[in-house]
Amino acid sequence: MQVIHDVLIFGASRGLGLCLARGSVLRGEKVAAMVRAESDTAALNELGITLITGDAFSLDDCIAAIRQAGAERVISVLGGKNAAGQRIDALGNLNVIEAIEVAAPQIRFLLGTSLGCGDQWDSLAEGAQRMLGEAIKAKNQAEQRLEQSALAWMIARPAGLSHQPATGQYRVLAGRDDAGNYLPRADVASAMLEIFAEDERLHKAWTILGPADPV
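Numbering (our numbering), first residue to last: 23 to 237.
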């Protein structure tokens with residue numbers, strides 16, 4: 023595969039994905055993003071990011087995006103539902119995983135899910151389980167599929183996200199800690215990019231939390 027970009031991001035048009043795109047550009051990386059035709063891409067255009075039109079509900083679109091981007095690394099933070107109620111957290115991420123296996127099985131992949139996935143479910147409060155249960159079930163499908171693959175994968179499970187400015191205060195843990203759960207999206211993006219750059223983080227799920235004490 024000819025390398026054209028440093029990283030391809032799925033879910034980059036807003037929120038955490040946009041923070042990841044911005045953070046990657048600030049690191050001097052050449053970034054591509056797959057976006058739906060109807061997405062607001064103004065912020066991505068301002069960052070000079072290569073836009074590839076596609077829908078993550080389509081495996082063919084995901085394969086085409088990976089081939090077109092020619093990226094050394096892929097990040098997915100897909101989440102939410104479409105108009106029919108299908109969760110992109112499950113099918114979209116499953117498509118991204120399969121697309122990498124088909125088009126570029128040698129590259130590194132970081133999947134962003136959520137605190138409460140995997141063995142962390144029982145540690146969530148009942149209210150959080152009721153509110154997040156459907157989304158976490160979908161994200162778990164993607165995590166389980168990825169863990170069974172032969173890819174060079176990493177999983178990031180951030181806690182609650184806020185729209186506050188970055189503080190630079192965050193923790194990356196192999197388990198979870200009940201303290202300091204909420205943190206800005208920009209801090210989560212910084213933590214994820216750090217995880218992505220370190221070989222010793224491969225084939226593990228990492229929890230990203232805010233500081234234990236208020237900043």
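No residue lacks a Cβ here, since even glycine has one placed at the ideal position from N, Cα and C. Owing to the predicted nature of the structure, the values given are computational and were not obtained by experimental measurement.
Can the beta-carbon of Leu48 be found closer than 8 Å to that of Ala211? Your numbering for residue 48 matches position 26 in the sequence shown. Your numbering for residue 211 matches position 189 in the sequence shown. Not closer than 8 Å, so no.
If I measure Cβ to Cβ from Leu154 and keep anything under 8 Å in the same chain, skipping five residues before and after, which residues do I get?
As a working mapping, residue 154 is identified with position 132 in the sequence shown. Counting only Cβ-Cβ distances below 8 Å, and skipping sequence neighbours, we find Ser136, Gly138 and Leu146.
At which residues does the beta strand (DSSP E) containing Ile97 begin and terminate? As a first step, residue 97 must be located in the sequence shown, where it is residue number 75. In the DSSP annotation of this structure, the continuous segment of the beta strand (DSSP E) that includes Ile97 starts and ends at Ala93 to Ser98.
Sub-8 Å separation of Phe131 and Ala86 beta-carbons: One-based indexing of the sequence shown puts residue 131 at position 109. One-based indexing of the sequence shown puts residue 86 at position 64. Going by C-beta atoms, Phe131 is not nearer than 8 Å to Ala86.
**Message:** Let me make sure I understand the geometry here. Which of Thr72, Gly50, Ala213 and Ile26 has the alpha-carbon closest to that of Phe32?
**Reply:** Your numbering for residue 32 matches position 10 in the sequence shown. Ranking the options by Cα distance to Phe32, first place goes to Thr72.
Quick one: is Lys161 buried, meaning 16 or more other Cβ sit within 10 Å of its Cβ, or exposed? Along the sequence shown, read from residue 1 onward, the residue named residue 161 stands at position 139. By the 10 Å Cβ count, Lys161 comes out buried.
Which ranges would you report for the alpha helix (DSSP H) in the stretch 76-153 if only whole runs of at least 4 residues count?
The stretch 76-153 contains, as complete alpha helix (DSSP H) runs of 4+ residues, the segments 81-91 and 113-125 (chain order).
Does the structure place the stretch 222-231 close enough to the stretch 57-67 that three or more beta carbon pairs sit under 8 Å? Inter-segment contact for the stretch 57-67 and the stretch 222-231 is absent: fewer than three beta-carbon pairs are separated by less than 8 Å.
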